[in-house]
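Single-structure report; data block below.
Residue numbers (this note's numbering): 1 to 599.
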């Protein structure tokens, strides 16, 4: 009660809203908004309360066992993260029931009082609750005497009295007859009176409690003119006199206003929010009446008299030996005509009998449902397999960092080897170009005539032309297409290519050896040049002044003399050189030969 007072419900101006708010707080505090009506009926049956007289007293131990069973079954349906504190909920609800229905502290409750209180505060539709309350006190013919309706009304009005609202909703002896004038009431009359807009004022809080539970999560994206909130939950109230003046439920219930609006203005309550387009269509329909309004859903019609079915061979009664470890305090079962559950099942059977049978449609629906369930199971299995495969791959990647590092090193080593291979390929191309130049020089030596003894000896001092290797180096083709045919054949994969390659290598070695011999002879010839020279006045075609008589039988000179002579130099073009010019020419020629050999 102290927690409820802290909610400041007493400042609400309207008694019905004030009572509904207080009962809604108790309902949510005791977690009864999570208990369905049918689960409540099943709990009554499990605890054998369906076989007891409505006016029979029920001890605290039995009530506690009932509440334990009720919350225990509720915890089974809730997810693990939303489990309830079972002892706390049972103790809280039991103390409130005893304080409301046992003011004299006798330690017992009537069965009817317990069923009425729990049925009103549990979750479910208002129509189903009223039908269940009607079945509690209806006779065997399916009619409710007004005297028994008075008992039901008295137990229901205990709920407003428990939240200190008895001055507004209290019970009197003449109240049942003021609601129903006939002595016996059918189910259709009972539902029509209690669910109508102008229903009994003493029970007006009951439908309001259910409406409040349905709209407490409805969002209205409009601004409240009382508290200036951009959006709010619950009911929405719109003034019928002020233009577009809207209030939230807290401001309307507590009388908060702004501007020229007053609490005396007529307000209209809205439980849902409609967009501007829907509001415009509704206004046009009301203005022109071109579209008939949607008729309100009528109440279902039930047969006037119902005969209960004997379902003893179908639904066996609950074992009365023990329940939850407690001995049974229930006597022999009552007549089946007074069993409210049998009557309820009979009414359901009668309603189903009135409906047309659709066995074909039902079979098709069941077949379609089975196919959908099979597909769902298959898809769920695939999802589980993919998830497991992904988890295995993630675990392998995260669990072996050494393998990842080794893989990275191998990739780096591969890149390094590829770069080194590219360098070797470039070097191979350069060597092949040099070899081609050597082959050209070798062919030129073979084609040119050998030097004769009559040739000018001084012509041998001329340096050979620089072979065209520089131009060959500037061209770096990707393959050997640009090389000579002999080189291409030499480095092919045919036997003739291998034989030619061997000949080329032998020729290259011979050229190198010949050049080395030439350099040695040149060094030895320069030292004895001054001693062997003899002066003469004229220069004939067979000798030159200052040069030794080179023997044509020297093999090295015979091979390289054509390459040492400048092209186009003859005996007629020879001239007498000074000693300084001859020494400079010899030095330049030696340096050129050294560079050519090194290359």
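The C-beta atom is built at its ideal place from N, Cα and C for all residues, glycine as well.
Hey, how far is the Cα of residue 173 from the Cα of residue 365? If you number the chain shown from 1, residue 173 lands on position 173. If you number the chain shown from 1, residue 365 lands on position 365. Their backbone Cα atoms lie some 54 Å apart in a straight line.
Selected residue, minimal CA-CA separation from residue 129, among 63, 39 and 175: Residue numbering aside, residue 129 sits at position 129 when the chain shown is read from its first letter. Ranking the options by Cα distance to residue 129, first place goes to 39.
Can you tell which of 244, 160 and 218 has the C-alpha that lies nearest to the C-alpha of residue 234? For this step, residue 234 is matched to residue 234 along the chain shown. With distances taken between Cα atoms, residue 234 lies closest to 218.
Around the C-beta of residue 271, are 16 or more other C-beta atoms found within 10 angstroms, so that it is buried, or is it exposed? Taking the chain shown and counting its residues from 1, the one referred to as residue 271 is at position 271. Residue 271 counts as exposed, since fewer than 16 other beta carbons sit within 10 angstroms of its beta carbon.
Residue 410 to residue 396 span [Cα, whole Å]: Position 410 of the chain shown holds residue 410. Position 396 of the chain shown holds residue 396. Approximately 19 Å between the Cα atoms of the pair.
My output table needs one value for residue 185: the three-state DSSP class, helix, strand or coil. Along the chain shown, one-based indexing puts residue 185 at 185. It is a strand residue.
Expected contact under 8 Å - CB spacing of residue 36 and residue 122 to nearest Å: Within the chain shown, the letter at position 36 stands for residue 36. Within the chain shown, the letter at position 122 stands for residue 122. At roughly 7 Å, the Cβ-Cβ gap stays under 8 Å, so residue 36 and residue 122 are in contact.
On the three-state DSSP scale, how would you describe residue 270? For this step, residue 270 is matched to residue 270 along the chain shown. If DSSP states are grouped into helix, strand and coil, residue 270 belongs with the strands.
Contact between the region 187–206 and the region 56–66 (3+ Cβ pairs under 8 Å): Verdict: no, contact absent.
Are the region 154–163 and the region 60–77 in contact at 8 Å, needing three or more beta carbon pairs? no
Which residue comes first and which comes last in the beta strand (DSSP E) that contains residue 246? The residue you call residue 246 lines up with position 246 of the chain shown. From DSSP, the beta strand (DSSP E) with residue 246 extends over 246–248.
Could you pull out every unbroken beta strand (DSSP E) segment of at least 3 residues lying fully inside the region 36–112, listed in chain order? 57–59 and 108–110
Just to confirm before moving on: does the CB-CB distance between residue 101 and residue 93 stay below 8 Å? Here the question's residue 101 lines up with position 101 in the chain shown. Here the question's residue 93 lines up with position 93 in the chain shown. Not in contact: residue 101 and residue 93 (Cβ atoms no closer than 8 Å).
Alpha-carbon spacing of residue 137 relative to residue 268, whole angstroms: Indexing the chain shown from 1 puts residue 137 at position 137. Indexing the chain shown from 1 puts residue 268 at position 268. Using only the alpha carbons, I get a separation of about 38 Å.
Can you check DSSP and say which residues form a bridge with residue 123? Taking the chain shown and counting its residues from 1, one reaches residue 123 at position 123. Residue 123 is bridged to 36.
Would residue 116 and residue 149 qualify as a contact pair, given that the criterion is a beta-carbon distance under 8 Å? Along the chain shown, read from residue 1 onward, the residue named residue 116 stands at position 116. Along the chain shown, read from residue 1 onward, the residue named residue 149 stands at position 149. No.
Does DSSP put residue 337 in a helix, a strand or coil? As a first step, residue 337 must be located in the chain shown, where it is residue number 337. In this prediction, residue 337 scores a pLDDT of 44, lower than 50, which makes its location untrustworthy; the coordinate-derived value is nonetheless stated afterwards. It is helical.
So what's residue 220 in DSSP terms, helix, strand or just coil? Position 220 of the chain shown, counting from 1, holds the residue named residue 220. Looking at residue 220 - three-state DSSP - the assignment turns out to be strand.
Consider the Cβ of residue 366: report whether some Cβ of chain D lies at a distance smaller than 8 Å. Among the protein chains of the structure shown there is no chain D, as only one such chain exists.
So, are the CB atoms of residue 9 and residue 18 less than 8 Å apart? Along the chain shown, read from residue 1 onward, the residue named residue 9 stands at position 9. Along the chain shown, read from residue 1 onward, the residue named residue 18 stands at position 18. Yes, they are a contact pair.
What first and last residue would you give for the alpha helix (DSSP H) that runs through residue 227? As a working mapping, residue 227 is identified with position 227 in the chain shown. Note, residue 227: premise wrong, no alpha helix (DSSP H); not H, not E.
Mind the definition here: the region 39–50 touches the region 80–94 only if three or more C-beta pairs lie below 8 Å; say whether that holds. Not touching, per the Cβ criterion.
Under a Cβ-count criterion, where at least 16 other Cβ atoms within 10 Å of its own Cβ denotes burial, should residue 20 be classed as buried or exposed? As a first step, residue 20 is located in the chain shown; it is residue number 20 there, counting from the start. Its Cβ being crowded by 16 or more others within 10 Å, residue 20 is buried.
Within 10 angstroms of the Cβ of residue 204, are there 16 or more other Cβ atoms? Answer buried if so, exposed if not. Here the question's residue 204 lines up with position 204 in the chain shown. With 16 or more Cβ atoms within 10 Å of its Cβ, residue 204 is classed as buried.
Secondary structure at residue 169, three-state DSSP: helix, strand or coil? Numbered from 1 along the chain shown, position 169 holds the residue referred to as residue 169. Three-state result, residue 169: coil.
May I ask you to report which of helix, strand or coil DSSP gives residue 30? Reading the chain shown from its first residue, position 30 is the one you call residue 30. Correct three-state label for residue 30: coil.
Quick check: residue 202 and residue 157, are their CB atoms within less than 8 Å of each other? Counting from 1 along the chain shown, the entry for residue 202 is found at position 202. Counting from 1 along the chain shown, the entry for residue 157 is found at position 157. A contact, by the Cβ cut-off of 8 Å.
Integer Cβ distance of residue 190 from residue 134, believed to fall under 8 Å: By 1-based counting over the chain shown, the position of residue 190 is 190. By 1-based counting over the chain shown, the position of residue 134 is 134. That belief holds up - the Cβ atoms of residue 190 and residue 134 are roughly 5 Å apart, short of 8 Å.
Where the alpha helix (DSSP H) through residue 143 begins and ends: Against the chain shown, residue 143 aligns to sequence position 143. Neither: residue 143 is in no alpha helix (DSSP H) and is coded neither H nor E.
Sorted by chain position, which residues of the same chain lie with C-beta nearer than 8 Å to residue 105's C-beta, five sequence neighbours on each side aside? In the chain shown, the residue the question calls residue 105 occupies position 105. Cβ-Cβ distances below 8 Å link residue 105 to 98 in the same chain, with the five nearest sequence neighbours on each side left out; the list follows chain order.
To the nearest angstrom, report how far apart residue 152 and residue 384 are at their CA atoms. Position 152 of the chain shown, counted from the first residue, corresponds to residue 152. Position 384 of the chain shown, counted from the first residue, corresponds to residue 384. Using only the alpha carbons, I get a separation of about 55 Å.
Count the other CB atoms, across all protein chains shown, that sit within 10 Å of the CB of residue 417; report buried if there are 16 or more and exposed otherwise. If you number the chain shown from 1, residue 417 lands on position 417. Per the 10 Å Cβ criterion, exposed.
To the nearest whole angstrom, what separates the beta carbons of residue 146 and residue 176, a pair I think is in contact under 8 Å? Residue numbering aside, residue 146 sits at position 146 when the chain shown is read from its first letter. Residue numbering aside, residue 176 sits at position 176 when the chain shown is read from its first letter. Going by Cβ atoms, the distance from residue 146 to residue 176 rounds to 5 Å, so yes, they are a contact pair.
Using the DSSP secondary-structure output, state which residues sit across from residue 211 in a beta bridge. Reading the chain shown from its first residue, position 211 is the one you call residue 211. DSSP output for residue 211 lists no bridge partner at all.
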